[in-house]
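> Quick note, the sequence shown lines up with residues 130 to 618 if you use our numbering. The structure under discussion is supplied below as structure tokens; questions concerning it will follow.
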Amino acid sequence: MAAEPQDRYDLDAQAETAPRALPLGHFITVLLIIMAFAAVLRIAGIGGESFWVDEEWTRGAVNVGSLAAVVETCRNDVHPPTYFVLLHLWRTAFGDSDVAIRLLSALFGVLAVGAGGLAGRSIWDARTGLLGAAAIAVSVNLVRYSQEARMYSLVSLLAILMLWAGVQVIRRPTAGWWVLLGVAAFLMTLTHNYGLGLVPLVFLGLAIPMRGDRRRIRDLFLTLAAVGGAYALIWAGTFFGQFDVESLNWLKNEKPSVRDTLAVIGGIFVSSDAPFLIGGAVGAVTLGFFAWSAVRLPASERWLFLALTVVPVLGMAALAQVRGMWLFRAFAFVWPVAAMMVAHGITQLPSRGLMALAAVGLFGMSIFGTAARLQTHQKQEWREAAHVVADRAEPDDLVLVSHERARPSFERYYTGPPLSVSSEPKEPDWSRVDALCAEARSRGSALWYVESNTNRVLQQHLKSRADLRLDIEREFVGGVRVFRFKPSG
């Protein structure tokens, strides 16, 4: 009878004796220092940029009183509830200022750094774990979305936990790792709708190396069934009820170029507004280390890493060419795993000097990009739009905001004379719009129209009216536009 292979899952034997240059206590100390640095990057300037429409919706969703009301608010929109429930509890303790609400995202971002370090040590060794933690700590994308009152930093944390648990159930499955995998996967589906596509990919990436092992395939199936059953019981009916293709019209023209697709991974260490040559060079180096890591991964684990990075990016890019629906920030689950793979690729260089040069170059560029963004506070569109109106408005002027969700963003930053501000739902009530235009005409006053990143049917309607003439038109970074219409004649 043939002997059972000693290395059934490629790294089982090696994983038990993988070199760890640092004692655990020293490793934890260095990891805590990296986490502290990550906290500084995420807290610095966290209140400097204006809230945008989705962040204002977040604030409103968690300010509705009870947890049941928070969940009901999510049911009436397109979001799963996990992040908003957690933020509601956080807000109860820390308040609902811009900084307080964003700090929960910063906390998840810092926890992702710690989880990445521990996962990297477990998967590879202490050096790779610390370098992976540093990569997550400084990534431009991960810092940016740790400063937004949205769910993306929580998505990043859950992706790391899924990766960590997934590798362990390949190598040495225990009940604890299966539970962690199931809980992280379940929370992912209840944190962002992309999780509904990601979780099956992850389980497929685990099933491929487990094929032929009946016990592990059984446990994998039971875990997936538990995740799917819990989701079906708690949220599936709501998801199908809230899924309205028309509500996603603003995404239909979002079709990524090849550069956009490569930037999901290639851009994790460089700002999107970096000069083309610099951005291209950093992106090429990043993709090179990522690819080298993928080649060096054991075959049994490569599928899992690809299921969390390349496969969903290429899949969504292909879908977007047909239907649009490209949402760059929703790839928050890709970035920490890709950052860890880049760190692993760097450790495969032949000398410590080259490793240090690569790490300092990539991570330094990322820190520079974050510092530049914090210094300029680029995302000020709502503050700037409100100031344009405040500087020119007369007391009798009227203001129409394109969407009821966007209205708080305008009102929060408006500092001019008291004005009558109204808004319209996704489907405007044209009789109300006509009445507002008639009121502006009878007063002889201006009608200001502030448009968020929505469809432009209301703008087109106002521009086509014979009783109004366009007087001012301004556009800001982020798609916010301000128009002033005056009565014709």
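Even for Gly, the Cβ is constructed at its ideal location relative to N, Cα and C.
Going by other Cβ atoms of all chains shown within 10 Å of its Cβ, with 16 needed for buried, is residue 438 buried or exposed?
In the sequence shown, residue 438 corresponds to position 309, counting from 1. With 16 or more Cβ atoms within 10 Å of its Cβ, residue 438 is classed as buried.
> Would residue 526 be called buried (16 or more neighbouring beta carbons within 10 Å of its own) or exposed?
Residue numbering aside, residue 526 sits at position 397 when the sequence shown is read from its first letter. Buried.
> Which residues in the same chain have their Cβ closer than 6 Å to the Cβ of residue 517, if we skip the five residues on either side of it in sequence?
Your numbering for residue 517 matches position 388 in the sequence shown. The residues are 603, 611.
> Between the Cα of residue 371 and the Cα atoms of 458, 510, 208, 460, which residue gives the shortest distance?
Counted from its first residue, the sequence shown places residue 371 at position 242. Among 458, 510, 208, 460, the Cα nearest to that of residue 371 belongs to 208.
> If we call anything under 9 Å between Cβ atoms a contact, is residue 229 one with residue 462?
Start at 1 with the first residue of the sequence shown, and residue 229 comes out as number 100. Start at 1 with the first residue of the sequence shown, and residue 462 comes out as number 333. No, these two residues do not count as a Cβ contact at 9 Å.
> For residue 374, which residues from the same chain have a beta carbon less than 7 Å from its beta carbon, with the 5 sequence-adjacent residues on both sides left out?
Sequence index remark: in the sequence shown, residue 374 carries index 245 (1-based). The pLDDT assigned to residue 374 is 46, lower than 50, so where the model puts this residue is not dependable, and the model offers no usable value.
> With burial defined as no fewer than 16 other Cβ atoms inside 10 Å of the residue's Cβ, what is the status of residue 236: buried or exposed?
In the sequence shown, residue 236 corresponds to position 107, counting from 1. Residue 236 should be labelled buried.
> Apart from the five residues just before and just after residue 426, which ones in its own chain have a Cβ nearer than 7 Å to its Cβ?
As a position in the sequence shown, residue 426 is number 297, starting the count at 1. Excluding positions up to five away in sequence, the list reads 434.
> Any contact of the region 187-197 with the region 302-309, i.e. 3+ C-beta pairs under 8 Å?
Output reads no: the region 302-309 does not touch the region 187-197.
> Closest by CA to residue 498, which one among 399, 578, 413?
Residue mapping note: residue 498 aligns to position 369 of the sequence shown, counting from 1. The shortest C-alpha separation from residue 498 is found at 399.
> Where residue 606 and residue 600 are concerned, what is the direct C-alpha to C-alpha distance, given to the nearest angstrom?
Numbered from 1 along the sequence shown, position 477 holds the residue referred to as residue 606. Numbered from 1 along the sequence shown, position 471 holds the residue referred to as residue 600. Computed Cα separation, rounded: 21 Å.
> Less than 8 Å between the CB of residue 433 and some heavy atom of the ligand PLP, yes or no?
Summarising the ligand content, the structure contains no ligands, and the ligand PLP is consequently not present.
> From the DSSP output, in three-state form, read off residue 601 for me.
In the sequence shown, counting from the first residue as 1, residue 601 sits at position 472. Strand at residue 601.
> Going by DSSP, what residue range makes up the beta strand (DSSP E) through residue 577?
Position 448 of the sequence shown, counting from 1, holds the residue named residue 577. First-last of the beta strand (DSSP E) with residue 577: 576-580.
> Counting along the chain, where does the beta strand (DSSP E) carrying residue 527 start and finish?
Position 398 of the sequence shown, counted from the start, is the residue given in the question as residue 527. Looking at the DSSP string, the run of the beta strand (DSSP E) that includes residue 527 is 527-530.
> Would residue 191 and residue 225 qualify as a contact pair, given that the criterion is a beta-carbon distance under 9 Å?
Within the sequence shown, the letter at position 62 stands for residue 191. Within the sequence shown, the letter at position 96 stands for residue 225. Contact flag set, yes.
> Determine the extent of the beta strand (DSSP E) in which residue 551 is found, giving its start and end residues.
Locating residue 551 in the sequence shown gives position 422, counting from the first residue. Taken as a continuous stretch (DSSP letters only), the beta strand (DSSP E) holding residue 551 covers 549-552.
> Using the beta-carbon count (16 or more within 10 Å), is residue 143 buried or exposed?
For the purposes of this step, residue 143 is identified with residue 14 of the sequence shown, where counting begins at 1. Note that residue 143 scores a pLDDT of 44, beneath 50, so its modelled location is shaky and nothing firm can be said.
> Hey, out of 478, 333, 542, 589, whose CA is closest to residue 557's CA?
Here residue 557 corresponds to residue number 428 of the sequence shown, with the count starting at 1. Nearest C-alpha to residue 557: 589.
> Which residue marks the beginning of the beta strand (DSSP E) containing residue 610, and which one marks its end?
Sequence index remark: in the sequence shown, residue 610 carries index 481 (1-based). Here the beta strand (DSSP E) through residue 610 covers 610-616.
> Can you tell me where the alpha helix (DSSP H) holding residue 170 begins and where it ends?
Residue mapping note: residue 170 aligns to position 41 of the sequence shown, counting from 1. Its alpha helix (DSSP H) spans residues 153-172.
> For residue 565 and residue 514, what's the separation of their Cα atoms in angstroms?
Along the sequence shown, one-based indexing puts residue 565 at 436. Along the sequence shown, one-based indexing puts residue 514 at 385. Those two C-alpha atoms are separated by around 21 Å.
> Can you give me the C-alpha to C-alpha distance between residue 215 and residue 180, rounded to a whole angstrom?
Against the sequence shown, residue 215 aligns to sequence position 86. Against the sequence shown, residue 180 aligns to sequence position 51. For residue 215 and residue 180, the distance between alpha carbons rounds to 19 Å.
> Say whether the region 533-545 touches the region 564-578, bearing in mind that this needs 3 or more beta-carbon pairs closer than 8 Å, one atom from each stretch.
No, the region 533-545 does not touch the region 564-578.
> Please report the Cβ distance between residue 242 and residue 266, rounded to the nearest whole angstrom; I am assuming they are in contact, meaning their Cβ atoms lie under 8 Å.
In the sequence shown, counting from the first residue as 1, residue 242 sits at position 113. In the sequence shown, counting from the first residue as 1, residue 266 sits at position 137. The Cβ separation is near 5 Å, so the contact holds.
> If you measure between the beta carbons of residue 231 and residue 277, is that distance less than 9 Å?
Taking the first residue of the sequence shown as 1, we reach residue 231 at position 102. Taking the first residue of the sequence shown as 1, we reach residue 277 at position 148. It is a contact, given that the beta carbons lie within the stated cut-off.
> With a threshold of 6 Å on Cβ separation, who are the neighbours of residue 401 within its own chain once the five nearest residues in sequence on each side are excluded?
In the sequence shown, the residue the question calls residue 401 occupies position 272. Excluding residues within five positions, none has a Cβ falling inside 6 Å.
> In the structure shown, what three-state DSSP assignment does residue 195 receive?
Looking up residue 195 in the sequence shown gives position 66. Three-state DSSP puts residue 195 in coil, outside helix and strand.
> Between residue 475 and the rest of its own chain, which residues show a CB-CB distance below 7 Å, the 5 nearest in sequence each way excluded?
Here residue 475 refers to the residue found at position 346 of the sequence shown. Excluding sequence neighbours, residue 475 sits near 260, 418, 484, 487, 488.
> Can you name, in chain order, every residue of its own chain whose Cβ lies under 7 Å from the Cβ of residue 640, other than the five neighbours on each side?
Look at the range of the chain in this structure, 130 to 618, and you will see that residue 640 is not part of it.
> To the nearest angstrom, how far is it from the Cα of residue 345 to the Cα of residue 219?
Position 216 of the sequence shown, counted from the first residue, corresponds to residue 345. Position 90 of the sequence shown, counted from the first residue, corresponds to residue 219. So the alpha carbons of these two residues sit roughly 39 Å apart.
> Compare the beta carbon distance of residue 284 and residue 459 with 9 Å and say whether it is the shorter of the two.
By 1-based counting over the sequence shown, the position of residue 284 is 155. By 1-based counting over the sequence shown, the position of residue 459 is 330. Yes, Cβ-Cβ distance for residue 284 and residue 459 is below 9 Å.
> Could you tell me which of 495, 292, 528 sits nearest to residue 167, measuring between CA atoms?
In the sequence shown, the residue the question calls residue 167 occupies position 38. The residue with the shortest Cα to Cα distance from residue 167 is 495.
> Would you mind listing the alpha helix (DSSP H) stretches within the region 345-376 that are 4+ residues and don't spill past its ends, in chain order?
With a minimum length of 4 residues, the continuous alpha helix (DSSP H) runs that stay inside the region 345-376 are 366-371.
> State the start and end residues of the unbroken alpha helix (DSSP H) segment that holds residue 390.
Translated into the one-based positions of the sequence shown, residue 390 becomes position 261. Run containing residue 390: 387-395, per the alpha helix (DSSP H) assignment.
> For a test of the three-state rule: what should DSSP assign to residue 208, helix, strand or coil?
Within the sequence shown, numbered from 1, the residue matching residue 208 stands at position 79. Three-state result, residue 208: coil.
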